[in-house]
Ligand code: SF4
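Quick look at the structure:
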């Protein structure tokens with residue numbers, strides 16, 4: 001590893017909190033990573049994953065170093081040159097496109113990709129190859145929140161900022177465990193509460209997590225009943241006079257239909273359906289109603305659901321009827337999972353989007369980008385395949401080739417055995433990744449070695465719309481290349497060299513920001529130099545907003561003018577029934593899945609750090625002692641968790657932290673690092689929310705028995 005010239009400021013590459021880091025080499029020559037006190041999102045703090053980042057950089061034992069390919073599935077992989085690998089991929093893609101049309105190929109990418117990489121891939125596939133078949137693993141975590149924001153506020157936008165934490169006096173944390181999964185945000189909440197004991201924290205979660213333990217009130221609701229609970233709170237706010245009539249009248253539509261909907265169930269009935277104490281429900285509504293600053297935080301418990309969009313809408317409704325949005329300490333705040341999920345969507349990184357949050361289905365938007373990119377043909381008007389749809393299409397031979405970049409779907413997708421079959425049937429698979437620990441590499445016809453964090457330059461946007469510049473600090477090992485360079489080299493092999501020739505990665509960013517001008521996410525005033533000067537900038541930041549005095553827009557909708565056509569926010573009277581697969585006599589328990597404190601996604605990085613593996617070294621099934629007793633299961637016993645699609649074999653942990661009827665498994669372990677028996681997604685279903693296409697990871701019917 002070549003020596004560092006100086007210390008460099010960057011951003012942690014794990015979660016959407018986007019903590020600032022300072023990377024330097026100590027006197028002993030070792031790389032060190034510290035929290036950056038000048039970064040406004042994290043103020044010098046790092047969690048256990050961030051504090052151990054240097055181990056994943058220093059240990060390169062798992063790195064993919066050279067392009068490899070094989071001419072048939074049974075044949076061994078051969079190291080080849082970049083030219084040979086990319087010419088093969090271009091030849092195969094061109095053959096399929098000629099024979100079956102552009103929709104026969106697809107890219108599946110990652111919220112780990114930098115904004116510039118996302119932009120280039122979108123430009124290539126939507127503008128030049130001629131298909132909208134690009135989706136991202138953010139589909140698996142944020143797409144329900146995206147649709148919820150669009151339907152209620154008129155735009156995919158987090159309206160709040162982290163500084164709203166210190167201005168809030170009531171927190172509703174629902175379907176999230178930020179104490180483990182967004183630790184630095186949670187530390188700010190805890191510090192605020194410690195300094196202001198009157199601050200109230202309500203946690204809604206079927207599990208008693210560390211977040212629930214530090215809350216003033218925990219509502220351990222029955223899985224799938226979130227909307228019933230939100231509606232009951234809405235009803236109580238209306239009945240107790242805790243709504244804001246003038247805000248509702250002047251700035252929202254749909255209140256009367258909403259009012260009628262929430263009145264359909266009594267609060268007693270709602271409490272019974274949710275399985276929570278009526279007194280706790282009343283208390284939660286009272287605290288929210290009395291709040292001067294009401295902030296709701298949520299993640300996958302709402303999003304990863306077959307009714308995920310409606311769960312989001314029913315929560316956002318609570319902010320709209322109380323007018324708790326667009327003012328300090330108030331608003332709905334979806335906590336982003338991946339570090340650059342938001343940046344990816346800004347550049348059009350979903351199958352339905354174009355850069356600047358434009359839509360492929362909008363003719364004017366398509367025309368704008370066709371002119372901007374000078375495309376050789378029209379952009380396709382129909383949305384492309386979403387993440388789960390891609391694998392179904394591979395299985396049915398509707399999709400012939402898939403190029404997977406920096407994500408490991410062979411661990412993270414639901415209904416894994418079906419996905420495994422799809423990948424086995426796929427005619428052509430390209431995997432572009434950093435690590436050979438990714439299970440997906442085993443399915444590749446061509447493997448492309450990518451540069452890792454610190455080895456490439458670009459930008460990311462964190463969960464509070466804050467853009468940070470990540471400089472290149474190290475050279476990539478072997479022949480690994482930055483993802484942006486791989487895409488540009490491939491584009492040239494496809495005959496699009498002129499449109500993909502950039503003197504420097506900053507030129508890609510300059511091109512991207514230009515096309516956001518005039519949109520709600522206008523970042524036309526942002527540049528690498530402006531980012532380096534200000535450390536980070538929150539969008540929107542249009543050209544002309546430059547200046548030492550401002551670093552973008554911290555809070556949206558302070559004028560209460562929303563991004564809908566009539567500038568009013570829309571209340572939605574959504575149905576409250578869950579549509580997950582039903583539990584029955586054969587599969588009477590509900591499995592929910594999630595993350596543990598010290599691991600990140602499929603463990604290709606964090607699983608290599610001994611310190612992080614100490615926390616929870618192996619997956620265990622959390623089961624309530626009552627359910628365990630009925631099945632003769634004792635603590636530590638090996639059990640088989642069986643569902644309609646597969647089985648997992650793990651040790652049981654008896655704990656009252658999960659409510660009766662519920663079991664919990666972490667989602668991190670895959671087949672390659674362990675075995676098929678530990679892969680949680682053998683069990684999960686392929687059901688998705690019809691509006692967001694986000695999978696139903698949080699509700700799978702299973703049975704558990706002694707193995
Ligand atoms: Fe990294 Fe997230 Fe931890 Fe911050 S909270 S150090 S971004 S993993």
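Numbering (full-length UniProt numbering), first residue to last: 1 to 707.
The beta carbon of each residue, even a glycine, is placed where N, CA and C say it ideally should be.
Nearest C-alpha to residue 603 among 492, 695, 472, 407: 407. The three-state secondary structure of residue 104, taken from DSSP, is helix. Rounded to the nearest angstrom, the Cβ distance from residue 175 to residue 298 is 5 Å, consistent with a contact under 8 Å.
Considering only 557, 328, 624, the residue with the shortest C-alpha distance to residue 149 is 557. According to the DSSP secondary-structure assignment, residue 469 is paired through a beta bridge with 459. Secondary structure remark: continuous beta strand (DSSP E) runs of at least 3 residues inside the region 91-170, in chain order: 105-109, 134-136.
The region 651-663 makes no contact with the region 599-616; the number of CB pairs closer than 8 Å stays below 3. Beyond the five residues adjoining it in sequence on each side, residue 207 comes within less than 7 Å, by CB distance, of 657, 658, 664 in the same chain, given in chain order.
Look at residue 205 here: in three-state DSSP terms it is coil, with no helix or strand label.
Distance from the CA of residue 633 to the CA of residue 639, rounded to the nearest whole angstrom, comes to 8 Å. Inclusion of residue 14 in the 7 Å shell around the ligand SF4 follows from its C-beta lying nearer than that to a non-hydrogen atom of the ligand.
Every unbroken stretch of the alpha helix (DSSP H) spanning 4 or more residues and falling wholly within the region 602-667 is given here in chain order: 610-613, 625-630. Cβ neighbours of residue 315 within its own chain (closer than 7 Å, five residues either side excluded): 174, 230, 296, 298, 302, 332.
Pairing residue 54 with residue 33 gives a Cβ-Cβ distance under 8 Å. The straight-line gap separating the alpha-carbon atoms of residue 384 and residue 121 is approximately 14 Å. Residue range 428-433 is occupied by the beta strand (DSSP E) that includes residue 433, with no alpha helix (DSSP H) assigned at that position. The straight-line gap separating the alpha-carbon atoms of residue 283 and residue 267 is approximately 12 Å.
When only Cα atoms are considered, residue 386 and residue 27 end up about 49 Å apart. Between residue 132 and residue 360 a beta carbon distance of about 5 Å is seen, short of the 8 Å cut, so the two are scored as contacting.
Contact between the region 334-344 and the region 583-591 is absent: fewer than 3 CB-CB pairs across the two stretches fall below 8 Å. Between residue 137 and residue 412, the CB-CB gap stays under 8 Å.
The continuous alpha helix (DSSP H) containing residue 411 extends over residues 409-412. Considered as a whole, the UniProt domain "4Fe-4S Mo/W bis-MGD-type" (5-61) harbours 48-51, 53-58 as its complete alpha helix (DSSP H) runs of no fewer than 4 residues, in chain order. Comparing alpha carbon positions, the residue from 205, 305, 624, 269 closest to residue 221 is 205. Under DSSP, the beta-bridge partners assigned to residue 358 are 354. Cα atoms of residue 119 and residue 64: separation of roughly 24 Å, rounded to the nearest angstrom. DSSP places residue 88 in the helix class (H, G or I) of the three-state scheme. A Cβ-Cβ contact shorter than 8 Å links residue 637 with residue 706.
Excluding five sequence positions before and after residue 265, the CB atoms of its chain that fall closer than 8 Å to its own CB belong to 228, 231, 232, 235, 273, 576, given in chain order. When secondary structure is reduced to three states using DSSP, residue 493 falls in the helix class. Distance check between residue 582 and each of 459, 644, 605 places 644 closest, using alpha-carbon atoms only.
Residue 450 is a Cβ neighbour of residue 432, given a cutoff of 8 Å.
A distance criterion of 7 Å places the beta-carbon of residue 594 beyond contact range of the ligand SF4, judged by its closest non-hydrogen atom. The criterion of a C-beta distance shorter than 8 Å is satisfied by residue 435 and residue 62. Taken from the Cβ of residue 17, at least one heavy atom of the ligand SF4 lies inside 7 Å.
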